[in-house]
Each structure stands twice: as structure tokens, then as C-alpha cells.
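Asks:
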Amino acid sequence: MTFIAGHQLAEFLSINFGNELIYKIGLLSSITGMIFFMISLEKLSNYDFKGNLFIPIVLILAIYIFKTPMTFKDFLFWIRGNSHHIWVLVWTGMFIYWNICSIYILEKTRTLKQKSAIKWYLWGVLDITFVLALIYFLIGSVGIQLNIFSDLPSIWCTISIIQLLFVPYMFKKIKGDYPQNNVKHRINLKVQSALIIISLIILTISWNIAPLIPKFLNKLAFK
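Counting with the working numbering, you get residues 14 to 236 for the letters of the sequence shown.
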């Protein structure tokens, strides 16, 4: 949440001062959050999903962000960026992988209480506001010219502060229903590769379908 809050502060300052560097720092702050979300999942479950590979990915993305000229403007209650495609692709890939790994843990978890705790971990960290942002985007696509690559991530980041309302209950569920232990769970190469491949397949399908959604909704609305 700290990293997303840092993104919000940077967006506010970048609009007020018109500063591209502050805007880029805000983007990087939000993206860096995925490293810690992945690490938190590994620490919680004692599974090694190679989340440390997120670090070089984010470093490479940071170089791209700081080298690429970016323009942005204030739009409704969020910032509309015009150079989002690459970082959105990478961020979405990490987000999907984090969810796939969480689902894998769910499948391996035996008790209903522990399964409930993992589900609340998913919802409490990111997924609640992802769903809300997606609903807002789908509704807003009808009649409002929204861009799924530039607007949806910004909408999500803006409303992600709502996640804070669910964090206390999430911690309560994890502490009460998901007891910690020191048993390390190994994931063999076959399973690890499968998790990555599934994530890439979902990312590819989503990336190709996403641009068609606003057009489809507008056609339905004006029939």
C-alpha cells in the first residue's frame, strides 16, 4: 500500500508542478510494489516462486521509463498517461503471475480456514480494487472515450487506497487461520515452468482482447 500511496503523491505533485520526473518516479513506485507483494506471498506460504526475479525485471523497466519521454494530463479524477503500453504489459504480467501462484497455494492448502485466509490475502492486497476499477472502466467505456492501456491502470491506482479498509480484516484472517511454520515447500522445475507459461498465456489473451472491449460495449450501448 505504501508504494501505491507513493504513486498517488507523485501523481498529485506531477500535475501541480508539471514535472515529468516526478511522474516517472510515481510509476516506478507503483510497479515496485509488485516485488514486495510477491515476496509477501512467498513469506506467507513458504513457497519459493522465484519472486526475486521481479527485481531485475523492475530494474530494466525503470531504465526504460526514465529513458522514454512521457506526457500526461489531468483527466477526471486520475492522470491520463500517453506512454503506458510497455510498463502496463510488464506490470500486468507480474500481477497475473502473483495471482496464479496464489491460486496454486489455494490448491495445495488443505483446510477451509486456510483457504479462506489465502483468498482474503488476495482480495485484501490488490484484487478488490482491481475488480472495482474494471467495473468502473467497463461502465465508463460506454459514452466516455476511455483507453484501457492508459486509463484503467490509473483508475486502479487512484481507487486502490480503498484496499486499506480491508487490510485489518485480512491480517486478522491470516493471523488466526493461517498459522506460520518453518517448513519450506519446494516447487520443481516442471511446476514452476507451468505457472509461468499459464501466466504468459493469460497475459497474451488479455492483451489481445482488451482493446476490443470498449468498442464492443459502445456497439451494444448504441444499438
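Built from N, CA and C at the ideal position, the CB exists for glycine as well.
By Cβ distance below 7 Å, which residues in the same chain neighbour Pro224 in space, the five residues on each side in sequence not counted?
Replies: Ile161
Asks: So the candidates are Val103, Leu41, Tyr36, Lys56; which of them puts its Cα closest to the Cα of Asn194?
Replies: Minimum Cα distance to Asn194 is reached at Lys56.
Asks: Run the CB neighbour count on Gly46, radius 10 Å, all protein chains shown included, and call it buried at 16 or more, exposed below.
Replies: Gly46 comes out buried.
Asks: Assuming Lys126 contacts Leu119 under a Cβ cut-off of 8 Å, what Cβ separation, rounded to an integer in Å, is found between them?
Replies: Their Cβ separation, rounded to whole angstroms, is 13 Å, which puts Lys126 and Leu119 out of contact at 8 Å.
Asks: Mind listing, in chain order, the continuous alpha helix (DSSP H) runs of no fewer than 4 residues lying wholly within the stretch 32 to 75?
Replies: 33 to 58
Asks: Using DSSP's beta-bridge definition, name the partner residues of His198.
Replies: Tyr60
Asks: Could you give the residue range of the alpha helix (DSSP H) that holds Ile152?
Replies: 141 to 153
Asks: Would you identify the three-state DSSP class for Pro181, choosing helix, strand or coil?
Replies: helix
Asks: Please work out which residues of its chain come closer than 7 Å, Cβ to Cβ, to Thr142, disregarding the five sequence neighbours upstream and downstream, and give them in chain order.
Replies: Trp169, Ile172, Ser173, Ile175, Gln176
Asks: Exposed or buried, Tyr77, counting other C-beta atoms within 10 Å across all chains shown (16 or more means buried)?
Replies: exposed
Asks: Expressed to the nearest angstrom, what Euclidean distance is found between the alpha-carbon atoms of Ile226 and His198?
Replies: 40 Å
Asks: Given this structure, state the Cα-to-Cα distance separating Ser115 from Leu135, to the nearest angstrom.
Replies: 7 Å
Asks: Which first and last residues belong to the alpha helix (DSSP H) in which His98 is found?
Replies: 98 to 121
Asks: Take Arg123 as the anchor and find which of Ser53, Tyr191, Ile214 has the nearest alpha-carbon.
Replies: Tyr191
Asks: Does Gly189 pass the burial test, meaning 16 or more other C-beta atoms within 10 Å, or should it be called exposed?
Replies: exposed
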